[in-house]
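Protein chains: 2
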Amino acid sequence: LVSRDLTIKFKPSGRTVKVKGGVSLISVLETLGLTVDMPCGGKGRCGKCTVLFEQGAPPPTSTEKDRLSEIDLSKGYRLSCQTVLDSDAVILIPNSHDSSYVLTRGVARQIPLDPTITKRRAIIPKPSIEDQRSDLDRVLATFQVKRNVSLGLPMIRRLSQAVRDSNYDITGVFAGETPIAFEAGDTTGSCFGVAVDIGTTTLAAYLIDLRTGEQVSVAASTNPQTRYGDDVISRISYTTRDSAALERLRDVLVDEIQKLITVLADDVNITLEQIYEVCLVGNTCMTHLLLGVNPESLAQSPYVPVMCQSLYVNASEIGLELNESALAYVLPCIAGYVGADTVGVLLATGLYESDRPILAVDIGTNGEIVLGYKERILACSTAAGPAFEGAHIKHGMRAALGAIDSVRLEGDTVRFTTVGGGKAVGLCGSGLLDAIVCLIQAGIIDASGRIVAPSEVPAEFTSLARKIREAEKGNEFILASPDDSPADRVIELTQRDVREVQLAKGAIAAGIQTLMRKMNIGSGDLEAVVLAGAFGNYVRKESAIAVGMIPRVPLDRIRPVGNAAGEGARLALISKDMREHAERLAQSVQYVELTIDSEFQERFAEALLFDV
Amino acid sequence: LVSRDLTIKFKPSGRTVKVKGGVSLISVLETLGLTVDMPCGGKGRCGKCTVLFEQGAPPPTSTEKDRLSEIDLSKGYRLSCQTVLDSDAVILIPNSHDSSYVLTRGVARQIPLDPTITKRRAIIPKPSIEDQRSDLDRVLATFQVKRNVSLGLPMIRRLSQAVRDSNYDITGVFAGETPIAFEAGDTTGSCFGVAVDIGTTTLAAYLIDLRTGEQVSVAASTNPQTRYGDDVISRISYTTRDSAALERLRDVLVDEIQKLITVLADDVNITLEQIYEVCLVGNTCMTHLLLGVNPESLAQSPYVPVMCQSLYVNASEIGLELNESALAYVLPCIAGYVGADTVGVLLATGLYESDRPILAVDIGTNGEIVLGYKERILACSTAAGPAFEGAHIKHGMRAALGAIDSVRLEGDTVRFTTVGGGKAVGLCGSGLLDAIVCLIQAGIIDASGRIVAPSEVPAEFTSLARKIREAEKGNEFILASPDDSPADRVIELTQRDVREVQLAKGAIAAGIQTLMRKMNIGSGDLEAVVLAGAFGNYVRKESAIAVGMIPRVPLDRIRPVGNAAGEGARLALISKDMREHAERLAQSVQYVELTIDSEFQERFAEALLFDV
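Line order of the protein sequences matches chains A and B. First residue of the first sequence: 11, per this note's numbering; consecutive thereafter. First residue of the second sequence: 11, per this note's numbering; consecutive thereafter.
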């Protein structure tokens, strides 16, 4: 039984790999760093690892027949934990963290290519009894390097061999004006860097060809620190547990970043040796944890970080194994809760160059809000909570296969769509917001956010009143049930769910209003409203306006920009100018502390209400 | 049996230690890093570990009674391998590598104290909800540090705790303008650095109080690389043996330096944490080996080093465990065979500031020669060979107990003295040179260096003719024998010994003459002749002139300066100005390659002869 090579293409990333026939799909996904949810542990029970074979679906297994409908099976849906690959295939992974899905829908800024890392090749004069200068002297003179630059030991250790192996034909690798490595022969054809976005929940890494500035591969995975706490505060609290906890959080993070980078390198057949720099962004707590700096003070009033400065160190110092001389640049943070990821958003949006004010909102567990233009930039952070990421919501989930991602009112009927088009299994952020907007329109949720009793529902929507039922803590609305809609189970929107959304949208809205008030502008003055991050990409603009989360501006001024933080890291990797902007922005952006802002408190109370 | 604390003082270093009664002297010496020769492995047979109890000699053991004469025992001589300490004592260790013996006889230059490492204490403003600057921002602002300095990760990792443990009263440790550490509370009372001289044979380390510039402790030991080769060339050849050989040479060296530094710290009751910088000198091969840089090219024409530049790195990068943020500065080299140790000699002698030419000669396995003054400095290296260190000489030994260290002619009798005054066991460099001078004077060695036949000896020295005997390879002269002089054995000076000295002195003399000729000066123009290193300290000036090794200048212009290389490292440690001089000198000193200098070849042939 000779297994033959198969060609498997993954969507939406477009990555193509060669595998041996007979391997399991889940092992291929793991190797590639493409993670899928698998709460049942690969037993074929939960269905969360469902993927869609657009081409080359293998015959379904008996487990798959039990779990998936005949229609879904005929469309090509399979469970990745059960599937064994036996022919070429094109596979859509809707539930992947592969963030190219997000980024390909974002905007990439065009800027002049001027990376910190460059390569130059030169022929070095050979030593002779008349020219007894050291190898280093001859090399530095040939490359016209100033003598007082600070030189690294790994470079010097390898210099002699590089020069002699190549008969004095070598390539210098430079970080700005400083040589960081000398390589035998002409290696100018290969020069890579990696941009990394360290999200509280998701890690994304982008392999960038530094000769072109292009992204050549992308990989993503779950931040392994999530097993020690879902959000920043719970992780900080974990660090106080024992003396090794901080190091443990650092180690799992660095290991995972190393894995992602290894996947990137394998993907385009380069070695880690060919990667000379990594640029990293993350919120302030994540950059502290990455560097092994204790973030404890972030969790206690007055919430100060240990450091906001950018850091320029050897990649090996933060534990990454790339080229021996590779550098790591961690972008600067603005404040304890406005981090390097927000600096990345600023770079990616070019907000700081705009003539008119732009509002940028990055909604995750925290909602970072930036408002500004070339003259002045304000920033704040609101504890939005993870409602839009599916947490704290009864049937909440990520925008994965089976998630209700949009809801609309057709006459007196509630209709929804799901990711992948199959049966509904839960509710993701955009669906959640849509659902609330519909129920407000139908008079089922009132201005205070209360789910009304069936008797209070306006006459034209009485058919929906049937779907309201009483529960212990207020009423709930049955959004989907196997009885009358394509759903695996009964999916309710609870009173508590509505409260969670009210708190989140109220905090964001009040934060935005506070910044606009401080800048003394109205929504008409906004050049654009930029929505960063996964939720910002999926949310229906109308719904975000309808619940009062973002200012009422023409829809064409609302721009989803995908993973703008990661894009900012890429820009810093390929442009020295962008790094200078980052440094300047971290200093000049004015941080507004909302917890002591009386205006924010007032507006927050108002913003909890729905504008019906 | 309760052992009580004893106070043991060692001479010549003056170090005093507390030990428990009942411990062996040899174990105390080992703990202190004071090495003594012990070829017999501690069995009491060779007598080379003999020390002199000036006070508190214990009763001799039976082994000591067998080995040492009754007179020596009564004077207080004991074998350190046999002696158990049972009372307070003052012990002279004539055979110690403890180089304070050398240095205390050298000259310490007085220069203004301006070390790279300084400490400052400050009270940091506490964070508040109105001052949410990061810890680092508040600290840097208080210490008025420029924001664009490059900051180290270990410092940042410890910052938060230092600030909070001390209630915002901290001490900053600075390297120039750059902070390298912040410590809780006021630690300005303690700030140390270490100067290290890496000799091919001997390592010497000096603990310096950076607040005063004073040397507070000294330790020395044998370079453990000697087990892989006696000289530079044999060690380079060892590095080519296997791929791990280079690392092995580096590791044993770094481990030994670490041990010496630990001894220094223990000696004055400080921790390694309190040591913030180490300055290192050594010849070019030693600095390569220290840094793990392959020195192979030094051994092949055209003898170029990989690097001559100074290096400024974290001490941890070269493998030393001091303060986590401690720096290491390796002084620059001038050429492949004129190293950082010679730069150290230049700093220590201040030759580069002299109005008139000074000749500095550092005689070890290689003889480095520097000639110059403030306008111009020339340097060269001669393969003098290790004759003056006792190697390649039949009865050669270091200047240790029992070594014949001076010889003179009284009428027709040869008289000698030994180190420690006891029986002669061998011949050290100064005794060797004296002996040759005497035999030249007595007509027993002729101008060509030949030991003449008894019949050729002039009439007035016929009594000495009896001591000439024929051997396989030319005649030899019996310098001492148990029959007629206080000697343990017959100690001959062989024809081959004379040839070794001729080669060594010839190379040095020709090197000196070549430099003087290039500078176009005569011996009358010399302000001083400076003799560095152990041999330079012990040699009789008259003899060095008599054999023609150094120019004929008034004796008061000949100055032994001890371990000038190590003193140069100390100066670089306590003065930024000295480092700048070192950098400039490494660039400006003009290296003269003797192997292609036809004048040198001619003069060498002449200089082999004795000027009788």
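Glycine is no exception: its CB is placed at the ideal position from the N, C-alpha and C atoms.
The alpha carbon of V61 (chain A) has as its nearest neighbour, out of A:L83, A:S72 and A:D76, the alpha carbon of A:L83. Taken through DSSP and simplified to helix, strand or coil, R119 (chain B) comes out as coil. Under the 8 Å criterion on CB atoms, V323 (chain A) is classed as interfacial with respect to chain B. Here L357 (chain B) has G578, L581, A582, M588, H591 and A592 as same chain residues with Cβ atoms under 7 Å from its own Cβ, once five neighbours each way along the sequence are excluded. Cα atoms of T359 (chain A) and G32 (chain A): separation of roughly 45 Å, rounded to the nearest angstrom. At a beta-carbon threshold of 8 Å, the residues of chain B lying near L301 (chain A) are L163, I166 and R167, ordered along the chain.
In this structure, the CA atom of A475 (chain B) is about 52 Å from the CA atom of V27 (chain B). The C-beta of L290 (chain B) comes no closer than 8 Å to any C-beta of chain A. Residue burial annotation: T126 (chain B) is buried, with at least 16 other C-beta atoms found within 10 angstroms of its C-beta. In the three-state scheme derived from DSSP, where H, G and I count as helix and E and B as strand, R260 (chain B) is classed as helix. Counting only runs of at least 4 residues, the region 276-339 of chain A fully encloses the following alpha helix (DSSP H) elements, listed from N- to C-terminal order: 294-301. Within the model, the alpha-carbon separation for G436 (chain B) versus D372 (chain B) is close to 23 Å.
At least one beta carbon of chain A lies nearer than 8 Å to the beta carbon of G346 (chain B).
Annotation: C201 (chain A) is outside any alpha helix (DSSP H) and is labelled neither H nor E by DSSP.
Neighbours of L146 (chain B) in chain A, taken as residues at a C-beta separation under 9 Å, are given in chain order as P315, V316, M317, C318 and Q319. Residues of chain B with a Cβ closer than 7 Å to the Cβ of I139 (chain A) are, in chain order, S311, P312, E603 and I606. In the structure shown, T73 (chain A) adopts helical secondary structure according to DSSP, grouped into three states. Your pair G516 (chain A) and L618 (chain A) checks out as a contact, with CB atoms roughly 4 Å apart and the cut at 8 Å. Under the three-pair Cβ rule at 8 Å, the region 174-190 of chain A counts as touching the region 126-135 of chain A. The C-alpha of G459 (chain B) lies about 19 Å from the C-alpha of I501 (chain B). In the structure shown, A452 (chain A) falls within a coil segment according to DSSP collapsed to helix, strand and coil.
Distance from the Cα of C343 (chain A) is smallest, within the candidate group A:L332, A:N333, A:S335 and A:V355, for A:V355.
No Cβ-Cβ contact shorter than 8 Å links G195 (chain B) with T212 (chain B). Excluding sequence positions up to five before and after E224 (chain B), its CB lies within less than 8 Å of the CB of I218, all in the same chain and listed in chain order.
Interface criterion met: the Cβ of S307 (chain A) is under 8 Å from a Cβ in chain B. In this structure, Q171 (chain A) sits away from L388 (chain A), with a CB-CB distance that is not shorter than 8 Å. Residue-level contact check: E257 (chain A) does not touch chain B, since none of the beta carbons of chain B fall below 8 Å from its beta carbon. Runs of the alpha helix (DSSP H) spanning 4 or more residues and lying entirely within the region 535-596 of chain B occur at 543-548, 551-556 and 574-584, in chain order. DSSP places A172 (chain A) in the helix class (H, G or I) of the three-state scheme. Excluding sequence positions up to five before and after P70 (chain B), its CB lies within less than 6 Å of the CB of L83, all in the same chain and listed in chain order. Put simply, the region 540-551 of chain B does not touch the region 304-320 of chain B. Fewer than three CB pairs are less than 8 Å apart. By DSSP's assignment, D372 (chain A) forms a beta bridge with A:E378 and A:A542. Put simply, the CB of R251 (chain B) is far from chain A, with every gap to its CB atoms at 8 Å or more. For secondary structure counted as the alpha helix (DSSP H) over 4 or more consecutive residues, the region 385-460 of chain A holds these complete runs in sequence order: 439-451. The three-state reading of DSSP puts V348 (chain B) in strand, counting E and B together. Looking at the DSSP output, I18 (chain B) bridges to B:V27 and B:A99.
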